[in-house]
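Here is the structure we will look at.
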Amino acid sequence: VSDSGARGSEGGGLDQILGLALLQGNRFIREFLRSKQIRLGSTKEQFEANLREAIADGKLGRADIEEWLREVEGWGNQHLYAFDVPSAASNRLRHRKTMLARLDNAGLSKLLDADISLDPGEELALATIRHNEDGVSFLWVRADRALIRRKELDRYEELDGDEIEFHAYERRWSRVAARFEWRFDSGLAAVLINRSEARDYAAQRDLLLATVDTVIPARRGWQMIDISKVITELDSRGLGGQQGVNDAGVRVNSTVFQGAAANIRFRASAEAGSYHDDAAVREVRGAVDRSKFVGGAGDCYLTPTANAPNNARELHLRLYGQEQRTLLWGKMTLDEVWQILLDLKTYAAA
Amino acid sequence: VTPVARAAIAAPADLSLQTRARLLRWLSLTDSVDLPAALLAGHLAVDVITATRIAEALATAGVFECRQAQVCPQPECQIVLSEDSLSERSCQTCGADLTEFEPRTEVRYLLERPRARDVGWLVAVHGIRTRGPWQEQLQWLIDRQFTRTIPFKNWKYGRILVGSLLLASQRKYVRRFIDQIRSAQSDLNGTLRGGPAPAPDVVAHSFGSWIVAHAIQEDSTLILGSVILVGSIVAPDWPWGQFIDRRQVTAVLNYCGDRDIPVRLAELFVPDSGPSGVVGFTSRHQRVINILRPGGDHSSTFSDDRLAVTFDTVWRPFLSARYDDIDTREHVRLDTPQWLPAPRLLRAPTTLVLLVGSILVLATIAIIVAVIARAG
Numbered sequence: 001v002s003d004s005g006a007r008g009s010e011g012g013g014l015d016q017i018l019g020l021a022l023l024q025g026n027r028f029i030r031e032f033l034r035s036k037q038i039r040l041g042s043t044k045e046q047f048e049a050n051l052r053e054a055i056a057d058g059k060l061g062r063a064d065i066e067e068w069l070r071e072v073e074g075w076g077n078q079h080l081y082a083f084d085v086p087s088a089a090s091n092r093l094r095h096r097k098t099m100l101a102r103l104d105n106a107g108l109s110k111l112l113d114a115d116i117s118l119d120p121g122e123e124l125a126l127a128t129i130r131h132n133e134d135g136v137s138f139l140w141v142r143a144d145r146a147l148i149r150r151k152e153l154d155r156y157e158e159l160d161g162d163e164i165e166f167h168a169y170e171r172r173w174s175r176v177a178a179r180f181e182w183r184f185d186s187g188l189a190a191v192l193i194n195r196s197e198a199r200d201y202a203a204q205r206d207l208l209l210a211t212v213d214t215v216i217p218a219r220r221g222w223q224m225i226d227i228s229k230v231i232t233e234l235d236s237r238g239l240g241g242q243q244g245v246n247d248a249g250v251r252v253n254s255t256v257f258q259g260a261a262a263n264i265r266f267r268a269s270a271e272a273g274s275y276h277d278d279a280a281v282r283e284v285r286g287a288v289d290r291s292k293f294v295g296g297a298g299d300c301y302l303t304p305t306a307n308a309p310n311n312a313r314e315l316h317l318r319l320y321g322q323e324q325r326t327l328l329w330g331k332m333t334l335d336e337v338w339q340i341l342l343d344l345k346t347y348a349a350a
Numbered sequence: 351v352t353p354v355a356r357a358a359i360a361a362p363a364d365l366s367l368q369t370r371a372r373l374l375r376w377l378s379l380t381d382s383v384d385l386p387a388a389l390l391a392g393h394l395a396v397d398v399i400t401a402t403r404i405a406e407a408l409a410t411a412g413v414f415e416c417r418q419a420q421v422c423p424q425p426e427c428q429i430v431l432s433e434d435s436l437s438e439r440s441c442q443t444c445g446a447d448l449t450e451f452e453p454r455t456e457v458r459y460l461l462e463r464p465r466a467r468d469v470g471w472l473v474a475v476h477g478i479r480t481r482g483p484w485q486e487q488l489q490w491l492i493d494r495q496f497t498r499t500i501p502f503k504n505w506k507y508g509r510i511l512v513g514s515l516l517l518a519s520q521r522k523y524v525r526r527f528i529d530q531i532r533s534a535q536s537d538l539n540g541t542l543r544g545g546p547a548p549a550p551d552v553v554a555h556s557f558g559s560w561i562v563a564h565a566i567q568e569d570s571t572l573i574l575g576s577v578i579l580v581g582s583i584v585a586p587d588w589p590w591g592q593f594i595d596r597r598q599v600t601a602v603l604n605y606c607g608d609r610d611i612p613v614r615l616a617e618l619f620v621p622d623s624g625p626s627g628v629v630g631f632t633s634r635h636q637r638v639i640n641i642l643r644p645g646g647d648h649s650s651t652f653s654d655d656r657l658a659v660t661f662d663t664v665w666r667p668f669l670s671a672r673y674d675d676i677d678t679r680e681h682v683r684l685d686t687p688q689w690l691p692a693p694r695l696l697r698a699p700t701t702l703v704l705l706v707g708s709i710l711v712l713a714t715i716a717i718i719v720a721v722i723a724r725a726g
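Take a look at the structure:
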């Protein structure tokens, strides 16, 4: 087992930054390398070698990586709870003075726009609160071990006559983030919790919100976005009209319709497919009266439409109706997460 | 050439007739395909070796694409993995670590097709001098063919004859048809897919086709889905293309028969009509389809032995917007129909006026002759 990244490494912070960079999704790393005209690669090892070579050649600096990390680190692979925020809620909090006074009252003013440590502690702690006229965000970090499988280092040993198999993982240290985000003009706020955090996401959410509520007491009255409604709405959009045309940018991979004592589950046989593409399954789906069921769960590939560029990519969401929770599968960017939030709000209101 | 037609040619020659028919029917009712040979075997009720032979033959002919897919190895998951899952080495469906558990490679056969159109609900309209027993037969057929309930409205306006000839009563039937559609659509709101009821698909026979065509013209807010006309007496130059372009109608299938005597004579008796059930519609539009069954007469389509076959090979592909799958072995597509209306003297209502006038003149002459004879 080896350690690399933020913990136990040297190199004046560069190794730490590189360690964090390599924990991002391969797609993003490849895009970053391409944008900097650096040789690509397909594995983390190749990415690391190419990044180090580019740094040595002076093609890439620490500032470039930090700037890129701000866009991609801590977005995606998260559980999301979204809130519908009344439009008047932000009126006073847009002002810096008001926010500062609130933070003072809560004893959190020293965290306003504080830098995030490259080497945070192992307990999740509020690291920074960022505020401007567009919104406010609270960011919690803690050091987390990311285990990268290194199959080539697996070995077998005979110990006291027993055959013992050792499976190798490389331990990399990352900054795990939980967030509370509120963009004033969107009428939306969200709590995002890293996927690898404790299983009891609702308890984790409440813990984070308890801190937020000391600064924004009105938050307690905000309604959560109805994910059950989103699940059934996405299914309808994916189903399309009578002509079978689905132009909503929605590909639904699975949906669980929850009845009173049993449920129906539709699922495509391929991740790249949709159960709506099967004529016989669609016929069965056509027999389901949506109004008699509640959206229990769903896997959906959504191409964001709200504020999204023309070349927006398909993003994978897993929705949990009863818990009003959405899992953002895979790494995403800040913009993509907000595009999803806006779309969820639209679907919940449909 | 459609996948079904290509499959008909490419399927192994030694297949039993039953398996061949099952394969073609399965393909015609399927949208996209993405399965291994073992699953195809289940669909076609054959053994895996035969299914593999069929799949390979169809892949060689370009009907299927043969692909090596990576499948999640977790027994509960078994989903075909996406590029994202493979790139991140983590199954995005079950979360399995794909470095720890190597994905399984599986040969799969793929066919990508646009989704077929779904039938929402249906309205059947009969012709004159009948109560349309075929409507019940068709309803029973639909009930058997679809695994879900297709609401089916049998609209019956009575066993009329003279009513079809007079302008005032024709208008009355058109109005009643529009009202019936609106009322049924309102009843269905919220029950089909939980949303607003879609436009109905229509099957109309003889004078029923005339009512449907004129209802569309009469009320520009009336919207119908796919319309099947059998033994149509609508004028062949009826502007269906315009109604389709302004989205009042989705598509029109004109099911013709070349031995349809009533259709040939319709022009003489029914105002604003014509023999479209024999010659076809002249409107050139991709979704105005004229199909002729050689030897077909005015009602032969509804015979016990024809209705199911016609539905299966022509009407169902049409309703599903699989226009290229419409059978052409027993049918002829009339692609460029030509038609000129008969001289005014030979068209209703002139013919009717002449006929009634002649009867009156003859009756008058008969009375005069009788009076003279009695006086003499």
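One line per chain: the protein sequences are A and B, in this order. Going by the numbering used here, the final residue of the first sequence carries number 350, and the count climbs one at a time with no gaps. Going by the numbering used here, the final residue of the second sequence carries number 726, and the count climbs one at a time with no gaps. Where a beta carbon is used, it is the ideal one built from N, C-alpha and C, also for glycine. Please read all numbers here as calculations on a predicted model, not as lab measurements.
#1: Report the rounded CA-to-CA distance for A720/B versus G726/B, giving the unit in angstroms.
#2: Quick check: is the beta carbon of R273/A nearer than 8 angstroms to any beta carbon in chain B?
#3: Relative to the C-alpha of E568/B, which candidate in K522/B, P586/B and G540/B has its C-alpha closest?
#4: Along the beta strand (DSSP E) that carries F166/A, what are the first and last residues, could you check?
#5: Using the beta-carbon of each residue, which ones in chain A are nearer than 8 angstroms to F496/B?
#6: Could you check the C-alpha separation between G470/B and C427/B for me, to the nearest Å?
#7: Output needed for I492/B: all residues of its chain with C-beta closer than 7 angstroms, excluding positions within five of it in sequence on either side, in chain order.
#8: So that I know if they touch, is there some Cβ in chain A lying closer than 8 angstroms to that of R465/B?
#9: Quick check on V351/B: buried or exposed, where buried means 16 or more other Cβ atoms within 10 Å of its Cβ?
#10: Would you decide whether E10/A is buried or exposed? Buried here means 16 or more other CB atoms lie within 10 Å of its CB.
#11: How far does the alpha helix (DSSP H) with A529/B in it extend, from its first residue to its last?
#12: To the nearest angstrom, report how far apart G581/B and L618/B are at their CA atoms.
#13: In the segment 305-331 of chain A, which residues sit with their C-beta less than 7 angstroms from some C-beta in chain B, listed in chain order?
#14: Using DSSP bridges, identify the partner residues of S623/B.
#15: Does any C-beta atom of chain B lie closer than 8 angstroms to the C-beta of A168/A?
#16: Give every residue of the same chain whose Cβ lies closer than 6 angstroms to the Cβ of T651/B, excluding the five residues on either side of it in the sequence, and list them in chain order.
#17: Go ahead and label W68/A buried or exposed: buried means 16 or more other beta carbons lie within 10 angstroms of its beta carbon, across all protein chains shown.
#18: Restricting to Cα atoms, I'd like to know which of V215/A, S87/A, A270/A and K44/A is closest to R130/A.
#19: Quick check on the DSSP output: the alpha helix (DSSP H) that includes Q592/B runs from which residue to which?
#20: With 8 angstroms as the threshold, decide whether the Cβ of V602/B is near any Cβ in chain A.
#21: Could you check the C-alpha separation between G624/B and P699/B for me, to the nearest Å?
#22: Along the chain, where does the beta strand (DSSP E) containing E158/A start, and where does it finish?
#23: When you compare only the Cα positions, how much space is there between S670/B and L373/B?
#24: Might you give, ordered along the chain, the residues of its own chain that have their beta carbon closer than 6 angstroms to the beta carbon of V191/A, omitting 5 neighbours on each side?
#25: Drop a sphere of 10 angstroms on the beta-carbon of F266/A, count the other beta-carbons inside from all chains shown, and report buried for 16 or more, exposed for fewer.
#26: Quick one: what's N194/A bridged to in DSSP?
#27: Is there a C-beta anywhere in chain B that falls below 8 angstroms from the one on S87/A?
#28: Checking contacts by CB at 8 angstroms: is E415/B closer than that to chain E?
#29: Spell out whether any CB of chain B is found under 8 angstroms from the CB atom of I270/A.
#30: Exposed or buried, A350/A, counting other C-beta atoms within 10 Å across all chains shown (16 or more means buried)?
#31: Return the residues of the segment 138-159 of chain A that lie within a Cβ-Cβ distance of less than 7 angstroms from chain B, sorted by chain order.
#32: Can you check whether the CB of I29/A is closer than 8 angstroms to the CB of K59/A?
#33: Just to confirm my understanding: we take K44/A, look at its own chain, exclude 5 residues before and 5 after, and list those with CB closer than 7 angstroms. What are they?
#34: Using DSSP bridges, identify the partner residues of D551/B.
#35: Just tell me which of V584/B, E438/B and V430/B has its CA closest to the CA of L615/B.
#36: Which bits of chain A does S437/B rub up against, with CB to CB less than 7 angstroms?
Concretely, from the data shown:
#1: As a first step, residue 720/B is located in the second sequence; it is residue number 370 there, counting from the start. As a first step, residue 726/B is located in the second sequence; it is residue number 376 there, counting from the start. Approximately 10 angstroms, taken between the alpha carbons.
#2: What you label residue 273/A is simply residue 273 of the first sequence in a count that begins at 1. As written in the sequence, residue 273/A is Gly, which differs from the Arg given in the question. Closer than 8 angstroms: yes.
#3: Numbered from its first residue, the second sequence carries residue 568/B at position 218. Taking only the C-alpha atoms, the option nearest E568/B is K522/B.
#4: Numbered from its first residue, the first sequence carries residue 166/A at position 166. Note, F166/A: beta strand (DSSP E), D162 to F166.
#5: Translated into positions along the second sequence, residue 496/B becomes position 146. Going along chain A in sequence order, the residues near F496/B (Cβ under 8 angstroms) are E283.
#6: Working through the second sequence from its first residue, we reach residue 470/B at position 120. Working through the second sequence from its first residue, we reach residue 427/B at position 77. Their backbone Cα atoms lie some 34 angstroms apart in a straight line.
#7: Taking the first residue of the second sequence as position 1, residue 492/B is located at position 142. Cβ neighbours of I492/B beyond the five flanking positions: L472, I500 and F502.
#8: As a first step, residue 465/B is located in the second sequence; it is residue number 115 there, counting from the start. So, interface residue.
#9: Here residue 351/B is taken as the residue at index 1 of the second sequence, counted from 1. Answer is exposed; the Cβ neighbour count stays below 16.
#10: Against the first sequence, residue 10/A aligns to sequence position 10. Interpretation of E10/A is limited by its pLDDT of 39, a score under 50 that renders its predicted location unreliable; no figure is taken from the coordinates.
#11: Against the second sequence, residue 529/B aligns to sequence position 179. It should be noted that the sequence gives Asp, not Ala, for residue 529/B. L517 to L538 is the span of the alpha helix (DSSP H), which, as asked, contains D529/B.
#12: Mapped onto the second sequence, residue 581/B falls at position 231. Mapped onto the second sequence, residue 618/B falls at position 268. Cα to Cα, G581/B sits roughly 16 angstroms from L618/B.
#13: H316, W329 and G330
#14: Position 273 of the second sequence, counting from 1, holds the residue named residue 623/B. Looking at the DSSP assignment, S623/B forms a beta bridge with V584/B.
#15: Within the first sequence, the letter at position 168 stands for residue 168/A. No, no contact with chain B.
#16: In the second sequence, the residue the question calls residue 651/B occupies position 301. Taken in chain order, the residues that qualify are V580 and T660.
#17: Position 68 of the first sequence, counted from the first residue, corresponds to residue 68/A. Under this definition W68/A is a buried residue.
#18: If you number the first sequence from 1, residue 130/A lands on position 130. If we check each option's Cα against that of R130/A, V215/A comes out closest.
#19: Position 242 of the second sequence holds residue 592/B. Note, Q592/B: alpha helix (DSSP H), W590 to D595.
#20: As a position in the second sequence, residue 602/B is number 252, starting the count at 1. V602/B does not count as touching chain A.
#21: By 1-based counting over the second sequence, the position of residue 624/B is 274. By 1-based counting over the second sequence, the position of residue 699/B is 349. Computed Cα separation, rounded: 13 angstroms.
#22: Sequence index remark: in the first sequence, residue 158/A carries index 158 (1-based). Run containing E158/A: R155 to L159, per the beta strand (DSSP E) assignment.
#23: Mapped onto the second sequence, residue 670/B falls at position 320. Mapped onto the second sequence, residue 373/B falls at position 23. For S670/B and L373/B, the distance between alpha carbons rounds to 18 angstroms.
#24: Here the question's residue 191/A lines up with position 191 in the first sequence. So the list reads Y81, F180, R205 and L208, once near-sequence residues are dropped.
#25: For the purposes of this step, residue 266/A is taken as the residue at position 266 of the first sequence. F266/A comes out buried.
#26: Taking the first sequence and counting its residues from 1, the one referred to as residue 194/A is at position 194. Paired residues: Q78/A.
#27: Taking the first residue of the first sequence as 1, we reach residue 87/A at position 87. Not one chain B Cβ lies under 8 angstroms of S87/A.
#28: The structure shown contains no chain E; its protein chains are A and B.
#29: Taking the first residue of the first sequence as position 1, residue 270/A is located at position 270. Correcting the residue type first, residue 270/A is Ala in the shown sequence and not Ile. Yes - at least one Cβ of chain B is within 8 angstroms of the one on A270/A.
#30: Working through the first sequence from its first residue, we reach residue 350/A at position 350. When all chains shown are included, A350/A counts as exposed.
#31: R149 and K151
#32: If you number the first sequence from 1, residue 59/A lands on position 59. If you number the first sequence from 1, residue 29/A lands on position 29. Not in contact: K59/A and I29/A (Cβ atoms no closer than 8 angstroms).
#33: Translated into positions along the first sequence, residue 44/A becomes position 44. Correct list, in chain order: L22 and I148.
#34: One-based indexing of the second sequence puts residue 551/B at position 201. Its beta-bridge partners are L472/B.
#35: For this step, residue 615/B is matched to residue 265 along the second sequence. Comparing Cα positions, the closest option is V584/B.
#36: Taking the second sequence and counting its residues from 1, one reaches residue 437/B at position 87. Going along chain A in sequence order, the residues near S437/B (Cβ under 7 angstroms) are N26 and R27.
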